[in-house]
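*Asks:* Okay, handing you the structure first.
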Amino acid sequence: MVYLLLLVSFVILIKGADIFIEGSAKVAKIFKIPELIIGIVIVGFGTSAPELAVNIAAVFKGSNEMAVGNIVGSNVFNILFIVGAIAFFKPMSIDDKLATFDFPISVLAAILLPFFALSGRYLPFNSGFSRLDGIILLLIFAYYCKETISRSLVDQKLKDKKIMLYQIAEGSFSLTKHLEGGDSEKPTKKALTKDIILIIVGLVCVIKGGDMVVEYASRIAVDFGMSNHLVGLTIVGIGTSLPELVVSIIAAKRGQQDIVLGNVVGSNTFNILFTLGITMLLRPIAVNESMIVDTVTVALATTAVGMIALANKSIGKKMSVAFVVIYLIYMGNVIINA
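Under the UniProt record's numbering, the first residue of the sequence shown is numbered 1, with each subsequent residue one higher.
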């Protein structure tokens, strides 16, 4: 019965995040926020909402190991299993922006985790993942968002200029439409109210779903003698990665497998910088030996894939098989030694 309740919890959590994204995107459009920023910020926050909800619920229930395990489990699953599985069927290329900006930030975030963990464990003036650590992560996150939006807006302006020049050349450019912002109709008050309700319903589902996931995952841990650390790494970590998995599968089916890596890297960066940053800011997390191993693992996995991205600019079948095998060996080792 508890497994069924945990499954229902994941459905509520993930569906809530989906509803939240839908409502937020519609409201943002009503207030004429550029679609580019909607895609980067709102979708980014939305896909990381399950991890954030679970982490906040976990730390306030004293399940610190589950909070850290959730992020590590989710990130390792994303970078090794999802990328490996998709690249096996649809080899993916890596663009310059991802290799020179997004990956370095993601690698930096991953490397900071074991640094904070080791200093929190062994330095006498520290006692774990501190609020200062959380502030540092959030400051890097703010820089990452600013740079991502700035770079994307520059790219969009160049694209818009090319489209406008093409329309002028073929005689289909309308100055009136250009100045008015296109053919969009003014949204009704009823539509705005409906979208705000969607946001509220989505948030309620995310918060309640996150709380339920922690509750029932903890019950499974007690019933089967498993640690919260193991449950966070496996059941919860993989469960909260389902949105990334679904998005990646859909993208691959549409022949857009090259954006899968961008989706995964962005999600992993959000998970560490934003989700763990907020978690540490709300409540410092005591560090144990298993957390140090976890953080080193996610740092090594992220760095390895990042170096491959810089060196090869592509991920083919051989490398994808290696990623999946490494993931399975890692998870097998975690379960055996639990």
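Backbone N, C-alpha and C fix where the C-beta goes; we use that ideal spot for every residue, glycine too.
Only a predicted model underlies this, so the values are computations on that prediction, with no experimental measurement involved.
Using 8 Å for Cβ pairs, my map puts residue 47 next to residue 267. What's the rounded Cβ distance?
*Replies:* Here residue 47 corresponds to residue number 47 of the sequence shown, with the count starting at 1. Here residue 267 corresponds to residue number 267 of the sequence shown, with the count starting at 1. That pair is a contact at about 6 Å.
*Asks:* Can you confirm whether the region 268-285 touches the region 109-117 when touching is taken to mean that 3 or more C-beta pairs between the two stretches lie within less than 8 Å?
*Replies:* Short answer: they touch.
*Asks:* Which residues bound the alpha helix (DSSP H) around residue 276?
*Replies:* For this step, residue 276 is matched to residue 276 along the sequence shown. Where residue 276 is concerned, there is no enclosing alpha helix (DSSP H), given that its DSSP letter is neither H nor E.
*Asks:* Give the straight-line distance between the Cα atoms of residue 69 and residue 85, rounded to the nearest whole angstrom.
*Replies:* Sequence index remark: in the sequence shown, residue 69 carries index 69 (1-based). Sequence index remark: in the sequence shown, residue 85 carries index 85 (1-based). So the two alpha carbons sit approximately 22 Å from each other.
*Asks:* List the residues that DSSP assigns as beta-bridge partners of residue 249.
*Replies:* If you number the sequence shown from 1, residue 249 lands on position 249. Note: residue 249 sits in no beta bridge, so no partner.
*Asks:* What number of angstroms, rounded off, separates the C-alpha of residue 197 from the C-alpha of residue 203?
*Replies:* Translated into the one-based positions of the sequence shown, residue 197 becomes position 197. Translated into the one-based positions of the sequence shown, residue 203 becomes position 203. Rounded to the nearest angstrom, the two C-alpha atoms are 10 Å apart.
*Asks:* Leaving out five residues before and five after residue 180 in sequence, what residues of the same chain have Cβ atoms less than 8 Å from its Cβ?
*Replies:* As a working mapping, residue 180 is identified with position 180 in the sequence shown. The predicted model places residue 180 with a pLDDT of 47, which falls under 50 and marks its position as unreliable; any figure quoted below should be read in that light. Same-chain partners within the cutoff: there are none.
*Asks:* Could you check which residue in 78, 253, 49 has the C-alpha nearest to that of residue 263?
*Replies:* The residue labelled residue 263 in the question sits at position 263 within the sequence shown. That would be 78, whose Cα lies nearest to the Cα of residue 263.
*Asks:* Which residue wins for smallest C-alpha separation from residue 134, given the options 207, 63, 275?
*Replies:* In the sequence shown, the residue the question calls residue 134 occupies position 134. Ranking 207, 63, 275 by Cα distance to residue 134 puts 275 first.
*Asks:* Could you give the residue range of the alpha helix (DSSP H) that holds residue 228?
*Replies:* As a working note, residue 228 is residue 228 in the sequence shown. Its alpha helix (DSSP H) spans residues 228-231.
*Asks:* Work out the CA separation of residue 111 and residue 60 for me, nearest whole Å.
*Replies:* Start at 1 with the first residue of the sequence shown, and residue 60 comes out as number 60. Start at 1 with the first residue of the sequence shown, and residue 111 comes out as number 111. Residue 60 and residue 111: Cα-Cα distance of roughly 26 Å.
*Asks:* When the Cα atoms are used, what is the spatial distance from residue 25 to residue 337?
*Replies:* Locating residue 25 in the sequence shown gives position 25, counting from the first residue. Locating residue 337 in the sequence shown gives position 337, counting from the first residue. Each residue's Cα considered, the two are about 44 Å apart.
*Asks:* State the DSSP-derived secondary structure class of residue 129, mapped to helix, strand or coil.
*Replies:* Counting from 1 along the sequence shown, the entry for residue 129 is found at position 129. Here residue 129 sits in strand by DSSP.
*Asks:* So the alpha helix (DSSP H) residue 116 belongs to, where does it begin and stop?
*Replies:* Numbered from its first residue, the sequence shown carries residue 116 at position 116. 103-122 is the span of the alpha helix (DSSP H), which, as asked, contains residue 116.
*Asks:* Please name the residue in 213, 250, 242 whose C-alpha comes closest to that of residue 232.
*Replies:* Residue 232 sits at position 232 when you count from the first residue of the sequence shown. It is 213 whose Cα lies nearest to the Cα of residue 232.
*Asks:* Checking the sheet assignment: what are the DSSP bridge partners for residue 314?
*Replies:* If you number the sequence shown from 1, residue 314 lands on position 314. Residue 314 pairs with 93.
*Asks:* Short of 8 Å in beta carbon distance, which residues of its chain neighbour residue 80, apart from the five on each side in sequence? Order them along the chain.
*Replies:* The residue given as residue 80 occupies position 80 in the sequence shown. Closer than 8 Å at the Cβ level, and outside the excluded window around residue 80, lie 301, 305, 323, 324, 326, 327, 330.
*Asks:* Can you round the beta-carbon distance between residue 57 and residue 211 to whole angstroms, since I take them to be within the 8 Å contact cut?
*Replies:* Taking the sequence shown and counting its residues from 1, the one referred to as residue 57 is at position 57. Taking the sequence shown and counting its residues from 1, the one referred to as residue 211 is at position 211. Right, the Cβ-Cβ distance comes to about 5 Å (below 8 Å), so this counts as a contact.
*Asks:* Under 8 Å, do residue 271 and residue 127 count as touching if we go by C-beta distance?
*Replies:* On the sequence shown, residue 271 is found 271 positions in, with the first residue counted as 1. On the sequence shown, residue 127 is found 127 positions in, with the first residue counted as 1. No, they are not a contact pair.
*Asks:* Mind checking who residue 207 pairs with in its DSSP beta bridge?
*Replies:* Walking along the sequence shown from the start, residue 207 turns up at place 207. According to DSSP, which records beta bridges pairwise, residue 207 is partnered with nothing at all.
*Asks:* Verify whether the separation of the beta carbon atoms of residue 252 and residue 260 is less than 8 Å.
*Replies:* Looking up residue 252 in the sequence shown gives position 252. Looking up residue 260 in the sequence shown gives position 260. Against a cut-off of 8 Å, the Cβ pair of residue 260 and residue 252 comes out as a contact.
*Asks:* Apply the 10 Å Cβ neighbour rule to residue 100 and answer buried if 16 or more other Cβ atoms are within range, or exposed otherwise.
*Replies:* Stepping through the sequence shown from its first residue, residue 100 is reached at position 100. Exposed.
*Asks:* May I ask which residues mark the beginning and end of the alpha helix (DSSP H) holding residue 30?
*Replies:* In the sequence shown, the residue the question calls residue 30 occupies position 30. Here the alpha helix (DSSP H) through residue 30 covers 2-30.
*Asks:* Check each candidate in 49, 17, 296, 91 and name the one with the smallest Cα separation from residue 318.
*Replies:* Position 318 of the sequence shown, counted from the first residue, corresponds to residue 318. Residue 91 is the option with its Cα nearest to residue 318.
*Asks:* Where do the ends of the alpha helix (DSSP H) carrying residue 68 lie?
*Replies:* Counting from 1 along the sequence shown, the entry for residue 68 is found at position 68. Counting along the chain, the alpha helix (DSSP H) containing residue 68 begins and ends at 64-76.
*Asks:* If you run the structure through DSSP and keep just helix, strand and coil, what is residue 56?
*Replies:* Position 56 of the sequence shown, counting from 1, holds the residue named residue 56. DSSP places residue 56 in helix when its eight states are reduced to three.
*Asks:* On a CA-only basis, which of 62, 1, 76, 31 is nearest residue 239? Give me that one, please.
*Replies:* Counting from one through the sequence shown, the residue named residue 239 turns up at place 239. If we check each option's Cα against that of residue 239, 76 comes out closest.
*Asks:* Do residue 292 and residue 129 come within 8 Å of each other at the CB atom, strictly closer than that value?
*Replies:* Reading the sequence shown from its first residue, position 129 is the one you call residue 129. Reading the sequence shown from its first residue, position 292 is the one you call residue 292. Not closer than 8 Å, so no.
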